[in-house]
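Our numbering puts the first residue of the sequence shown at 123, with every later residue one more than the last.
Accompanying notes for the structure given below.
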Amino acid sequence: MIPKILADAPRGLTEGFMLAHGFTPETIASLVRDGLATTRREPMRAGGRTIEVIRVKITDAGLRRETRLCEGALQRRGTLQHCCRR
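Written as structure tokens, this is what we have:
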């Protein structure tokens with residue numbers, strides 16, 4: 123399942139942010155391995171310095187999968203589920 127916090131972040135999230143919010147490196151790796159997310163290194167300013175971070179971003183395939191899961195939940199229950207971004 124696609125984490126809602128990632129699906130709701132159009133620019134993606136830093137790996138550090140995800141780890142701080144309880145995601146494991148294995149979870150992030152499995153999202154990337156399954157083609158549901160990508161990672162890329164990018165510079166970020168922090169405390170007057172430029173550091174390099176890894177940004178995790180949902181892919182189009184990940185968005186399509188999330189949409190299918192939510193539509194299935196709507197059909198089964200007739201209500202919006204927490205995974206839906208609508």
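Note that CB positions come from ideal geometry on N, CA and C, so glycine has one too.
It should be emphasised that the depicted structure is a prediction, and the values quoted were computed from it without experimental measurement.
inquiry  = Suppose you measure from the CA of glutamate 164 to the CA of isoleucine 124; what does that come to, to the nearest Å?
reply    = 23 angstroms
query = In this structure, what does DSSP give as the bridge partners for threonine 136?
reply = Arg177
query = Whose C-alpha, out of Thr149, Ile180 and Ile173, is nearest the C-alpha of alanine 129?
reply = Ile180
request  = Tell me whether alanine 159 sits in a helix, a strand or coil according to DSSP, three-state version.
outcome  = strand
task = Could you give the DSSP three-state label for proline 165: helix, strand or coil?
result = strand
key: Sequence-distant residues of the same chain with beta carbon closer than 6 angstroms to threonine 81, five excluded per side   = Absent from the structure is residue 81, since the part of the chain shown begins at 123 and ends at 208.
inquiry  = Which of the three DSSP states is assigned to isoleucine 172 in this structure?
reply    = Looking at the sequence shown, residue 172 is not isoleucine but threonine. Threonine 172 falls in the strand class under three-state DSSP.
ask   = Under a three-way DSSP split, which group does isoleucine 127 fall into?
value = helix
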